[in-house]
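Worksheet: the structure to be examined is printed underneath.
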Amino acid sequence: SRLQSLRYDFYFQKLSKYLALNQFKLLTYQINSFRNKMLSPVVIFTILLICSCMINAQKFTVKTQNEEETIIMDTITYSNFTVEGNFSLNPSPLYLFIHSKDNKLAEPQNAFIVLKNEATTNGIWKSKGSFGVSGVFLGKTTVLLNLQNSNSEILASGEMAVKVVRPKRVIDTVFTSTVATLVSIIYINFGCALNWKEVYSSVKKPIGPAIGFVGQFVFMPLISFGLGRLVFPNDPQMQLGLFFTGISPGGGASNVWVAILNGNIHQSITMTTINTFCAFGMMPLWLFTLGAIIFEEAKLEVPYRQISTYAVALVVPLLIGYLLQRFCKRVSNFFVRILKAFSGLLILFIVIFAIVSNLYLFKIFSWQIIVGGMGLPWLGYILAYVLAKLFKQSKELCLTIAVETGVQNTGIAIFLLRFALPQPEADITTVVPVYVAMMTPVPLMCLVLYQRITARCCASAEKTALLDKDQPVTEQVSNDNLFTLSDKDAV
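Under the numbering used here, the residue at position 235 of the sequence shown is numbered 239, and the numbers go up by one with no gaps.
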(Lines of atoms letter the chains of each structure in order from A; the text may use other names.)
(Lines give C-alpha, C1' and ligand atoms only; values in the text may rest on other atoms or scores of the structure.)
Protein backbone atom coordinates (compact mmCIF):
# COMPACT_ATOMS: atom_id res chain seq x y z
CA SER A 5 0.00 0.00 0.00
CA ARG A 6 0.88 3.66 -0.30
CA LEU A 7 1.17 4.05 3.50
CA GLN A 8 3.54 1.12 3.82
CA SER A 9 5.71 2.51 0.99
CA LEU A 10 5.98 5.83 2.84
CA ARG A 11 7.13 3.94 5.93
CA TYR A 12 9.91 2.29 3.93
CA ASP A 13 11.02 5.69 2.60
CA PHE A 14 11.05 7.13 6.15
CA TYR A 15 13.20 4.30 7.55
CA PHE A 16 15.45 4.42 4.49
CA GLN A 17 16.12 8.16 4.91
CA LYS A 18 16.90 7.67 8.63
CA LEU A 19 19.43 4.98 7.83
CA SER A 20 21.18 7.02 5.14
CA LYS A 21 22.12 9.67 7.72
CA TYR A 22 24.12 7.23 9.86
CA LEU A 23 25.74 4.86 7.36
CA ALA A 24 29.04 5.42 5.60
CA LEU A 25 29.14 5.34 1.81
CA ASN A 26 29.94 1.64 1.36
CA GLN A 27 27.41 0.42 3.90
CA PHE A 28 24.85 2.75 2.39
CA LYS A 29 25.30 1.24 -1.10
CA LEU A 30 25.01 -2.28 0.27
CA LEU A 31 21.87 -1.55 2.26
CA THR A 32 20.30 0.29 -0.69
CA TYR A 33 20.22 -2.96 -2.63
CA GLN A 34 19.00 -5.01 0.34
CA ILE A 35 16.20 -2.64 1.35
CA ASN A 36 15.01 -2.20 -2.24
CA SER A 37 14.73 -5.95 -2.61
CA PHE A 38 12.74 -6.16 0.63
CA ARG A 39 10.56 -3.24 -0.46
CA ASN A 40 9.56 -5.04 -3.64
CA LYS A 41 8.26 -7.86 -1.45
CA MET A 42 6.24 -5.34 0.64
CA LEU A 43 7.34 -6.80 3.96
CA SER A 44 5.68 -5.94 7.26
CA PRO A 45 6.98 -3.32 9.74
CA VAL A 46 8.25 -6.17 11.94
CA VAL A 47 10.62 -7.21 9.20
CA ILE A 48 11.66 -3.58 8.70
CA PHE A 49 12.41 -3.36 12.43
CA THR A 50 14.59 -6.45 12.16
CA ILE A 51 16.46 -4.90 9.23
CA LEU A 52 17.02 -1.73 11.23
CA LEU A 53 18.35 -3.75 14.16
CA ILE A 54 20.82 -5.53 11.90
CA CYS A 55 21.86 -2.25 10.34
CA SER A 56 22.38 -0.79 13.78
CA CYS A 57 24.78 -3.61 14.58
CA MET A 58 26.57 -2.96 11.31
CA ILE A 59 26.89 0.72 12.17
CA ASN A 60 28.41 -0.10 15.55
CA ALA A 61 30.69 -2.67 13.95
CA GLN A 62 32.22 -0.22 11.49
CA LYS A 63 33.24 2.31 14.15
CA PHE A 64 36.91 3.38 14.06
CA THR A 65 39.04 4.74 16.88
CA VAL A 66 42.20 6.88 16.77
CA LYS A 67 44.35 6.80 19.89
CA THR A 68 47.77 8.16 20.82
CA GLN A 69 50.15 6.40 23.16
CA ASN A 70 50.11 9.36 25.59
CA GLU A 71 47.09 11.55 26.19
CA GLU A 72 49.44 14.45 26.98
CA GLU A 73 52.91 15.04 25.59
CA THR A 74 55.52 17.40 27.00
CA ILE A 75 57.82 18.90 24.38
CA ILE A 76 60.93 20.96 25.00
CA MET A 77 60.95 24.19 23.04
CA ASP A 78 62.89 24.05 19.71
CA THR A 79 62.94 20.23 19.71
CA ILE A 80 60.86 17.51 18.03
CA THR A 81 59.07 14.77 19.96
CA TYR A 82 57.64 11.67 18.25
CA SER A 83 54.41 10.08 19.44
CA ASN A 84 52.88 6.73 18.53
CA PHE A 85 49.30 6.30 17.36
CA THR A 86 46.96 3.36 16.76
CA VAL A 87 43.98 3.26 14.39
CA GLU A 88 41.52 0.38 14.86
CA GLY A 89 38.26 -0.65 13.25
CA ASN A 90 36.32 -3.82 12.61
CA PHE A 91 34.36 -3.42 9.42
CA SER A 92 36.01 -4.94 6.38
CA LEU A 93 34.01 -3.04 3.76
CA ASN A 94 35.96 0.19 4.32
CA PRO A 95 38.53 0.82 1.62
CA SER A 96 42.23 0.45 2.22
CA PRO A 97 44.26 2.58 2.59
CA LEU A 98 42.86 5.23 4.86
CA TYR A 99 44.42 8.61 5.57
CA LEU A 100 45.39 10.33 8.81
CA PHE A 101 45.44 14.13 8.80
CA ILE A 102 47.31 15.76 11.73
CA HIS A 103 47.12 19.43 12.61
CA SER A 104 47.60 21.68 15.63
CA LYS A 105 45.08 24.12 17.04
CA ASP A 106 47.89 26.66 17.40
CA ASN A 107 50.89 26.33 15.10
CA LYS A 108 52.62 29.16 16.97
CA LEU A 109 53.06 26.82 19.93
CA ALA A 110 53.40 23.34 18.40
CA GLU A 111 53.54 22.20 14.78
CA PRO A 112 53.22 18.64 13.39
CA GLN A 113 56.12 17.53 11.20
CA ASN A 114 54.12 15.06 9.05
CA ALA A 115 50.59 16.35 8.61
CA PHE A 116 49.47 13.60 6.15
CA ILE A 117 49.99 9.86 6.67
CA VAL A 118 48.77 7.04 4.41
CA LEU A 119 47.57 4.08 6.48
CA LYS A 120 47.41 0.43 5.47
CA ASN A 121 45.61 -2.41 7.18
CA GLU A 122 48.14 -4.41 9.20
CA ALA A 123 45.59 -6.76 10.78
CA THR A 124 45.73 -10.45 9.90
CA THR A 125 42.22 -11.26 11.13
CA ASN A 126 39.26 -10.90 8.79
CA GLY A 127 36.88 -8.10 9.68
CA ILE A 128 39.54 -6.21 11.67
CA TRP A 129 41.23 -3.05 10.46
CA LYS A 130 44.33 -1.94 12.38
CA SER A 131 47.27 0.35 11.69
CA LYS A 132 50.08 1.78 13.81
CA GLY A 133 52.57 4.56 13.25
CA SER A 134 54.20 7.67 14.68
CA PHE A 135 54.23 11.38 14.00
CA GLY A 136 56.52 14.19 15.05
CA VAL A 137 55.54 17.46 16.75
CA SER A 138 57.99 20.33 17.12
CA GLY A 139 57.80 22.70 20.09
CA VAL A 140 57.70 26.22 18.69
CA PHE A 141 57.08 28.27 21.82
CA LEU A 142 55.95 28.01 25.44
CA GLY A 143 52.30 27.17 25.94
CA LYS A 144 49.58 24.52 25.81
CA THR A 145 47.64 23.42 22.76
CA THR A 146 46.00 20.34 21.23
CA VAL A 147 47.06 18.22 18.25
CA LEU A 148 44.09 16.77 16.33
CA LEU A 149 44.19 13.49 14.36
CA ASN A 150 41.41 12.98 11.78
CA LEU A 151 40.92 9.62 10.05
CA GLN A 152 39.50 10.02 6.52
CA ASN A 153 38.73 7.79 3.59
CA SER A 154 39.24 8.49 -0.11
CA ASN A 155 35.97 10.46 -0.18
CA SER A 156 37.28 12.86 2.52
CA GLU A 157 34.75 11.52 5.00
CA ILE A 158 35.92 11.76 8.61
CA LEU A 159 35.55 8.26 10.05
CA ALA A 160 37.09 8.96 13.47
CA SER A 161 39.04 11.62 15.36
CA GLY A 162 41.55 11.67 18.17
CA GLU A 163 43.48 14.33 20.00
CA MET A 164 46.59 14.74 22.10
CA ALA A 165 47.28 17.54 24.56
CA VAL A 166 50.68 19.19 24.12
CA LYS A 167 52.73 21.22 26.57
CA VAL A 168 55.77 23.11 25.31
CA VAL A 169 58.27 23.89 28.07
CA ARG A 170 61.65 25.61 28.27
CA PRO A 171 64.80 23.47 28.59
CA LYS A 172 66.95 23.62 31.71
CA ARG A 173 69.96 25.76 30.88
CA VAL A 174 73.37 26.31 32.46
CA ILE A 175 73.08 30.05 31.91
CA ASP A 176 70.17 30.25 34.37
CA THR A 177 72.19 28.57 37.11
CA VAL A 178 75.21 30.78 36.38
CA PHE A 179 73.07 33.91 36.48
CA THR A 180 71.44 33.00 39.81
CA SER A 181 74.74 32.08 41.46
CA THR A 182 76.56 35.17 40.19
CA VAL A 183 73.83 37.56 41.31
CA ALA A 184 73.69 35.91 44.76
CA THR A 185 77.46 36.36 45.15
CA LEU A 186 77.49 39.96 43.99
CA VAL A 187 74.51 40.89 46.19
CA SER A 188 76.28 39.36 49.19
CA ILE A 189 79.33 41.51 48.46
CA ILE A 190 77.21 44.65 48.11
CA TYR A 191 75.59 43.97 51.49
CA ILE A 192 79.03 43.70 53.05
CA ASN A 193 79.60 47.18 51.61
CA PHE A 194 76.36 48.37 53.20
CA GLY A 195 77.44 46.93 56.55
CA CYS A 196 80.72 48.84 56.33
CA ALA A 197 78.94 52.11 55.46
CA LEU A 198 76.07 51.73 57.91
CA ASN A 199 75.80 54.08 60.86
CA TRP A 200 74.32 51.77 63.47
CA LYS A 201 73.36 54.63 65.79
CA GLU A 202 71.04 56.03 63.11
CA VAL A 203 69.50 52.59 62.52
CA TYR A 204 68.77 52.34 66.23
CA SER A 205 67.19 55.81 66.27
CA SER A 206 65.06 54.86 63.23
CA VAL A 207 63.64 51.89 65.13
CA LYS A 208 62.94 54.03 68.21
CA LYS A 209 61.03 56.58 66.11
CA PRO A 210 59.73 54.45 63.24
CA ILE A 211 57.86 57.11 61.26
CA GLY A 212 59.80 56.40 58.08
CA PRO A 213 59.62 52.58 58.36
CA ALA A 214 55.89 52.80 59.17
CA ILE A 215 55.22 54.84 56.03
CA GLY A 216 57.34 52.39 54.05
CA PHE A 217 55.37 49.47 55.48
CA VAL A 218 52.05 51.02 54.39
CA GLY A 219 53.43 51.67 50.92
CA GLN A 220 54.89 48.20 50.61
CA PHE A 221 52.08 46.05 52.01
CA VAL A 222 48.98 48.18 51.40
CA PHE A 223 49.60 50.29 48.29
CA MET A 224 51.52 47.75 46.20
CA PRO A 225 49.12 44.78 46.65
CA LEU A 226 46.09 46.97 45.89
CA ILE A 227 47.79 48.53 42.86
CA SER A 228 48.82 45.11 41.50
CA PHE A 229 45.34 43.66 42.03
CA GLY A 230 43.49 46.55 40.40
CA LEU A 231 45.97 46.93 37.55
CA GLY A 232 45.89 43.19 36.85
CA ARG A 233 42.10 43.13 36.66
CA LEU A 234 42.21 46.14 34.36
CA VAL A 235 44.85 45.12 31.81
CA PHE A 236 44.38 41.29 31.99
CA PRO A 237 40.59 40.93 32.39
CA ASN A 238 40.46 37.49 30.73
CA ASP A 239 43.85 36.12 31.74
CA PRO A 240 43.96 35.08 35.42
CA GLN A 241 47.46 33.65 35.01
CA MET A 242 48.89 37.04 34.10
CA GLN A 243 46.87 38.58 36.95
CA LEU A 244 48.62 36.16 39.29
CA GLY A 245 51.99 37.18 37.86
CA LEU A 246 51.33 40.85 38.60
CA PHE A 247 49.66 40.23 41.97
CA PHE A 248 52.48 37.99 43.23
CA THR A 249 54.93 40.72 42.28
CA GLY A 250 52.91 43.31 44.19
CA ILE A 251 52.72 41.32 47.44
CA SER A 252 56.45 40.51 47.50
CA PRO A 253 58.66 42.44 49.93
CA GLY A 254 61.07 45.15 48.78
CA GLY A 255 64.13 43.98 46.92
CA GLY A 256 67.78 44.45 47.81
CA ALA A 257 68.16 46.59 44.70
CA SER A 258 66.27 49.35 46.53
CA ASN A 259 69.26 49.80 48.85
CA VAL A 260 71.54 50.06 45.84
CA TRP A 261 69.37 52.72 44.22
CA VAL A 262 69.05 54.69 47.45
CA ALA A 263 72.85 54.75 47.72
CA ILE A 264 73.24 55.93 44.10
CA LEU A 265 70.51 58.60 44.49
CA ASN A 266 72.04 59.94 47.72
CA GLY A 267 69.06 58.90 49.81
CA ASN A 268 69.08 57.77 53.42
CA ILE A 269 70.85 54.41 53.23
CA HIS A 270 70.33 53.73 56.95
CA GLN A 271 66.56 54.12 56.66
CA SER A 272 66.61 52.12 53.44
CA ILE A 273 68.32 49.09 54.96
CA THR A 274 66.13 49.35 58.07
CA MET A 275 62.94 49.35 55.98
CA THR A 276 64.15 46.50 53.75
CA THR A 277 64.97 44.38 56.80
CA ILE A 278 61.66 45.12 58.56
CA ASN A 279 59.57 44.54 55.43
CA THR A 280 61.35 41.27 54.68
CA PHE A 281 60.42 39.84 58.08
CA CYS A 282 56.88 41.32 57.91
CA ALA A 283 56.39 39.45 54.62
CA PHE A 284 56.00 36.24 56.66
CA GLY A 285 52.57 37.44 57.74
CA MET A 286 51.53 39.88 55.04
CA MET A 287 52.04 37.61 52.04
CA PRO A 288 49.68 34.88 53.31
CA LEU A 289 47.17 37.57 54.26
CA TRP A 290 47.00 38.91 50.71
CA LEU A 291 47.28 35.49 49.08
CA PHE A 292 44.17 34.19 50.81
CA THR A 293 42.08 37.37 50.54
CA LEU A 294 42.45 39.17 47.22
CA GLY A 295 44.51 36.30 45.83
CA ALA A 296 41.61 33.93 46.38
CA ILE A 297 39.49 36.03 44.02
CA ILE A 298 42.01 35.53 41.22
CA PHE A 299 42.85 31.93 41.95
CA GLU A 300 39.95 30.55 43.96
CA GLU A 301 40.72 26.88 43.78
CA ALA A 302 44.52 27.17 44.11
CA LYS A 303 46.10 25.51 47.13
CA LEU A 304 49.12 27.73 47.56
CA GLU A 305 51.72 27.31 50.26
CA VAL A 306 53.58 30.47 51.25
CA PRO A 307 57.33 29.93 50.62
CA TYR A 308 58.45 30.44 54.22
CA ARG A 309 61.77 28.76 53.52
CA GLN A 310 62.48 31.09 50.58
CA ILE A 311 61.72 34.20 52.63
CA SER A 312 63.78 32.86 55.56
CA THR A 313 66.73 32.21 53.27
CA TYR A 314 66.44 35.71 51.83
CA ALA A 315 66.27 37.26 55.32
CA VAL A 316 69.37 35.36 56.47
CA ALA A 317 71.17 36.25 53.24
CA LEU A 318 70.32 39.88 53.99
CA VAL A 319 71.50 39.90 57.62
CA VAL A 320 74.70 37.83 57.45
CA PRO A 321 76.60 40.08 54.98
CA LEU A 322 75.51 43.13 57.00
CA LEU A 323 77.04 41.59 60.13
CA ILE A 324 80.25 40.84 58.23
CA GLY A 325 80.39 44.48 57.14
CA TYR A 326 79.77 45.61 60.71
CA LEU A 327 82.65 43.44 61.97
CA LEU A 328 84.93 44.90 59.31
CA GLN A 329 83.82 48.39 60.37
CA ARG A 330 84.72 47.62 64.00
CA PHE A 331 87.94 45.65 63.59
CA CYS A 332 89.33 46.28 60.07
CA LYS A 333 89.03 50.00 59.42
CA ARG A 334 91.27 49.98 56.37
CA VAL A 335 89.25 47.25 54.60
CA SER A 336 86.01 48.90 55.68
CA ASN A 337 87.06 52.26 54.24
CA PHE A 338 87.95 50.57 50.95
CA PHE A 339 84.47 49.01 50.72
CA VAL A 340 82.86 52.37 51.48
CA ARG A 341 84.85 54.08 48.71
CA ILE A 342 83.78 51.58 46.04
CA LEU A 343 80.13 51.38 47.21
CA LYS A 344 78.53 53.61 44.59
CA ALA A 345 80.62 52.35 41.66
CA PHE A 346 80.06 48.73 42.60
CA SER A 347 76.34 49.36 43.06
CA GLY A 348 76.04 50.82 39.58
CA LEU A 349 77.93 47.90 38.02
CA LEU A 350 75.71 45.44 39.88
CA ILE A 351 72.51 46.99 38.52
CA LEU A 352 73.86 47.07 34.96
CA PHE A 353 74.93 43.44 35.24
CA ILE A 354 71.54 42.28 36.55
CA VAL A 355 69.54 44.18 33.91
CA ILE A 356 71.72 43.16 30.94
CA PHE A 357 72.16 39.52 32.01
CA ALA A 358 68.43 39.17 32.80
CA ILE A 359 67.50 40.40 29.33
CA VAL A 360 70.06 38.19 27.56
CA SER A 361 69.12 35.04 29.48
CA ASN A 362 65.37 35.56 28.97
CA LEU A 363 65.18 36.74 25.38
CA TYR A 364 62.41 34.20 24.68
CA LEU A 365 60.06 36.27 26.84
CA PHE A 366 60.08 39.11 24.32
CA LYS A 367 58.04 36.93 21.96
CA ILE A 368 54.99 37.14 24.21
CA PHE A 369 55.23 40.81 25.11
CA SER A 370 52.05 42.75 24.54
CA TRP A 371 50.81 46.21 25.38
CA GLN A 372 49.06 44.77 28.45
CA ILE A 373 52.34 43.38 29.80
CA ILE A 374 54.09 46.68 29.09
CA VAL A 375 51.40 48.67 30.91
CA GLY A 376 51.44 46.27 33.86
CA GLY A 377 55.24 46.22 34.03
CA MET A 378 55.47 50.01 34.05
CA GLY A 379 52.37 50.76 36.06
CA LEU A 380 53.16 48.72 39.20
CA PRO A 381 56.55 50.23 40.17
CA TRP A 382 55.90 53.72 38.79
CA LEU A 383 52.59 54.14 40.62
CA GLY A 384 54.31 52.79 43.73
CA TYR A 385 56.98 55.52 43.47
CA ILE A 386 54.43 58.29 43.06
CA LEU A 387 51.97 57.24 45.78
CA ALA A 388 54.68 56.49 48.35
CA TYR A 389 56.38 59.84 47.71
CA VAL A 390 53.06 61.69 48.08
CA LEU A 391 52.29 59.80 51.30
CA ALA A 392 55.69 60.68 52.76
CA LYS A 393 55.18 64.33 51.81
CA LEU A 394 51.79 64.36 53.54
CA PHE A 395 53.57 63.29 56.74
CA LYS A 396 56.07 66.15 56.23
CA GLN A 397 59.14 63.98 55.83
CA SER A 398 62.40 65.38 54.50
CA LYS A 399 63.12 65.30 50.78
CA GLU A 400 65.85 62.71 51.34
CA LEU A 401 63.51 60.43 53.32
CA CYS A 402 60.64 60.89 50.83
CA LEU A 403 62.96 59.70 48.07
CA THR A 404 64.06 56.72 50.19
CA ILE A 405 60.48 55.67 51.00
CA ALA A 406 59.44 55.98 47.35
CA VAL A 407 62.33 53.78 46.17
CA GLU A 408 61.74 51.22 48.93
CA THR A 409 58.06 50.96 47.91
CA GLY A 410 58.48 50.81 44.15
CA VAL A 411 61.39 48.37 43.95
CA GLN A 412 60.00 44.85 44.48
CA ASN A 413 61.78 41.56 45.13
CA THR A 414 60.86 40.02 41.80
CA GLY A 415 62.91 36.94 42.69
CA ILE A 416 60.36 35.92 45.34
CA ALA A 417 57.53 36.64 42.88
CA ILE A 418 59.14 34.36 40.29
CA PHE A 419 59.61 31.65 42.92
CA LEU A 420 55.95 31.91 43.97
CA LEU A 421 54.76 31.56 40.39
CA ARG A 422 56.97 28.55 39.75
CA PHE A 423 55.77 26.95 42.96
CA ALA A 424 52.07 27.60 42.39
CA LEU A 425 51.73 26.89 38.67
CA PRO A 426 52.76 23.92 36.52
CA GLN A 427 54.89 24.27 33.42
CA PRO A 428 54.60 25.94 30.98
CA GLU A 429 52.28 28.38 32.78
CA ALA A 430 55.03 29.14 35.32
CA ASP A 431 57.45 30.27 32.60
CA ILE A 432 54.76 32.21 30.75
CA THR A 433 53.61 34.18 33.80
CA THR A 434 57.26 34.86 34.70
CA VAL A 435 57.21 37.46 31.94
CA VAL A 436 55.31 39.82 34.26
CA PRO A 437 57.84 40.06 37.14
CA VAL A 438 60.70 40.03 34.62
CA TYR A 439 59.22 43.00 32.79
CA VAL A 440 58.50 44.75 36.11
CA ALA A 441 62.19 44.28 36.99
CA MET A 442 63.18 45.74 33.63
CA MET A 443 60.92 48.79 33.88
CA THR A 444 61.60 49.53 37.57
CA PRO A 445 65.01 51.24 37.00
CA VAL A 446 63.82 53.49 34.14
CA PRO A 447 62.57 56.46 36.23
CA LEU A 448 65.42 55.94 38.70
CA MET A 449 67.99 56.14 35.91
CA CYS A 450 66.35 59.33 34.68
CA LEU A 451 66.55 60.73 38.21
CA VAL A 452 70.24 59.82 38.48
CA LEU A 453 70.90 61.57 35.17
CA TYR A 454 68.99 64.64 36.37
CA GLN A 455 70.98 64.73 39.62
CA ARG A 456 74.30 64.46 37.77
CA ILE A 457 73.41 67.25 35.32
CA THR A 458 72.09 69.48 38.12
CA ALA A 459 75.18 68.85 40.26
CA ARG A 460 77.51 69.66 37.38
CA CYS A 461 75.65 72.88 36.53
CA CYS A 462 75.57 73.96 40.19
CA ALA A 463 79.26 73.20 40.61
CA SER A 464 80.08 75.25 37.54
CA ALA A 465 77.98 78.18 38.79
CA GLU A 466 79.57 78.06 42.25
CA LYS A 467 83.05 78.00 40.74
CA THR A 468 82.28 81.06 38.62
CA ALA A 469 80.87 82.90 41.66
CA LEU A 470 83.97 82.12 43.72
CA LEU A 471 86.27 83.38 40.96
CA ASP A 472 84.31 86.62 40.70
CA LYS A 473 84.45 87.07 44.48
CA ASP A 474 88.22 86.56 44.68
CA GLN A 475 89.14 89.05 41.85
CA PRO A 476 91.20 92.20 42.92
CA VAL A 477 89.58 95.63 42.77
CA THR A 478 91.75 96.90 39.91
CA GLU A 479 90.60 93.99 37.72
CA GLN A 480 86.97 95.00 38.20
CA VAL A 481 87.55 98.41 36.61
CA SER A 482 86.85 98.66 32.94
CA ASN A 483 89.59 99.08 30.42
CA ASP A 484 88.31 102.53 29.45
CA ASN A 485 88.66 103.80 32.99
CA LEU A 486 92.19 102.42 33.21
CA PHE A 487 93.12 104.32 30.06
CA THR A 488 91.53 107.49 31.48
CA LEU A 489 93.48 107.23 34.71
CA SER A 490 96.63 106.80 32.75
CA ASP A 491 95.96 109.98 30.72
CA LYS A 492 95.40 112.05 33.90
CA ASP A 493 98.55 110.70 35.42
CA ALA A 494 100.39 111.68 32.25
CA VAL A 495 99.20 115.32 32.56
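Note that the Cβ used here is the ideal one computed from N, Cα and C, for glycine as well.
Under three-state DSSP, which class holds LEU142? Coil, per DSSP.
Comparing alpha-carbon positions, which option in LEU420, GLU163 and PRO445 lies nearest ASN259? The shortest Cα separation from ASN259 among LEU420, GLU163 and PRO445 belongs to PRO445.
Is VAL147 helix, strand or coil when you go by DSSP? In the structure shown, VAL147 falls within a strand segment according to DSSP collapsed to helix, strand and coil.
Suppose contacts are defined by Cβ-Cβ distances below 7 Å. Is VAL440 in contact with VAL235 by that definition? Not a contact, by the Cβ cut-off of 7 Å.
DSSP-derived helix/strand/coil call for ILE76: Residue state for ILE76 is assigned as strand, using DSSP reduced to three classes.
Under 7 Å between the Cβ atoms of GLY139 and VAL174? Taking C-beta atoms as the reference points, GLY139 and VAL174 fail to come closer than 7 Å.
Secondary structure at ALA115, three-state DSSP: helix, strand or coil? In this structure, ALA115 counts as coil in the three-state DSSP scheme.
Does the beta-carbon of PHE395 have 16 or more other beta-carbons within 10 angstroms, so that it is buried, or is it exposed? Taking every protein chain shown into account, the CB of PHE395 has fewer than 16 other CB atoms within 10 angstroms, so this residue is exposed.
Presumed contact (8 Å Cβ cut-off) between GLY267 and GLU400, rounded CB distance: Sure, about 6 Å apart at Cβ, within 8 Å.
Measure the C-alpha to C-alpha separation of VAL436 and GLU88 and round it to an integer number of angstroms. So the two alpha carbons sit approximately 46 Å from each other.
Closest by C-alpha distance to GLY133, when choosing among THR146, VAL147, VAL118 and LEU142: The residue with the shortest Cα to Cα distance from GLY133 is VAL118.
Contact set for ARG227: own chain, Cβ-Cβ below 7 Å, skip 5 residues either direction: The sequence shown places Ile at residue 227, not Arg. Same-chain partners within the cutoff: GLY250, LEU380, LEU383 and GLY384.
Which residue from GLY219, LEU148, ASN153 and PRO225 puts its Cα closest to that of ILE298? Nearest option by C-alpha distance: PRO225.
Taking the Cβ atom as the reference point for each residue, do SER161 and ASN150 lie within a distance shorter than 7 Å? Their beta carbons are under 7 Å apart, which means SER161 touches ASN150 by this criterion.
Just verifying my parser: in three-state terms, what is the DSSP assignment at VAL319? Three-state result, VAL319: helix.
Please return the same chain residues whose Cβ sits closer than 8 Å to the Cβ of LYS367, not counting the five positions on each side in sequence. The residues are PHE141.
Tell me the rounded alpha-carbon separation between ASN84 and GLU72. The alpha-carbon atoms of ASN84 and GLU72 are separated by roughly 12 Å.
Which same chain residues end up closer than 7 Å to THR433 when comparing Cβ atoms and leaving out the 5 residues on each side of it in sequence? Around THR433: GLN241, MET242, LEU244, GLY245, LEU421 and LEU425.
Would you give the residue range spanned by the beta strand (DSSP E) that ALA160 belongs to? Counting along the chain, the beta strand (DSSP E) containing ALA160 begins and ends at 158 to 169.
Identify the residues that DSSP records as bridge partners of TRP129: which are they? Per DSSP, GLY89.
Supposed contact pair PHE353 and LEU186 - C-beta distance, whole angstroms, cut 8 Å: About 7 Å separates the two Cβ atoms, so the contact holds.
Distance check for LEU363 and VAL438, CA to CA, integer angstroms please. About 11 Å.
Let me check one thing: in DSSP terms, what residues is HIS103 bridge-paired to? Paired residue(s): LEU148.
Is any non-hydrogen atom of the ligand FAD found closer than 6 Å to the C-beta of MET275, if you look at the structure I gave you? Although the ligand FAD was asked about, the structure shown includes no ligands whatsoever.
Can you tell me the Cβ-Cβ gap for GLY136 and LEU109, rounded? I've got them flagged as a contact below 8 Å. With 8 Å as the limit, GLY136 and LEU109 do not qualify as a contact, their Cβ atoms being about 15 Å apart.
Less than 7 Å separating the beta-carbons of PHE247 and PHE221? For the 7 Å CB-CB criterion, PHE247 and PHE221 do not form a contact.
What number of angstroms, rounded off, separates the C-alpha of VAL218 from the C-alpha of VAL340? When the Cα atoms are used, VAL218 and VAL340 turn out to be separated by approximately 31 Å.
N-terminal and C-terminal residue of the beta strand (DSSP E) that THR434 is part of: Unbroken run through THR434: none, as it is neither H nor E.
Can you have a look at GLU429 and say buried or exposed, based on whether 16 or more other CB atoms are within 10 angstroms of its CB? Buried, by the Cβ-count rule.
What's the call for TYR454, buried or exposed, on a 16-neighbour Cβ count within 10 Å? Here TYR454 is exposed: its Cβ has fewer than 16 other Cβ atoms, across all protein chains shown, within 10 Å.
Chain-order list of residues whose beta-carbon lies under 6 Å from that of ASP106 (same chain, five-residue window excluded): For ASP106, where only same-chain residues beyond five positions count, the Cβ hits under 6 Å are THR145.
Using the C-alpha atoms, what's the distance from TRP261 back to LEU501? The chain is shown from 5 up to 495; residue 501 falls before or after that span and cannot be answered.
Which of the three DSSP states is assigned to LEU391 in this structure? Residue state, collapsed to three classes: helix.
Does DSSP classify THR444 as helix, strand or coil? Three-state DSSP puts THR444 in coil, outside helix and strand.
DSSP three-state call for ALA123: helix, strand or coil? For ALA123, the three-state secondary structure derived from DSSP is coil.
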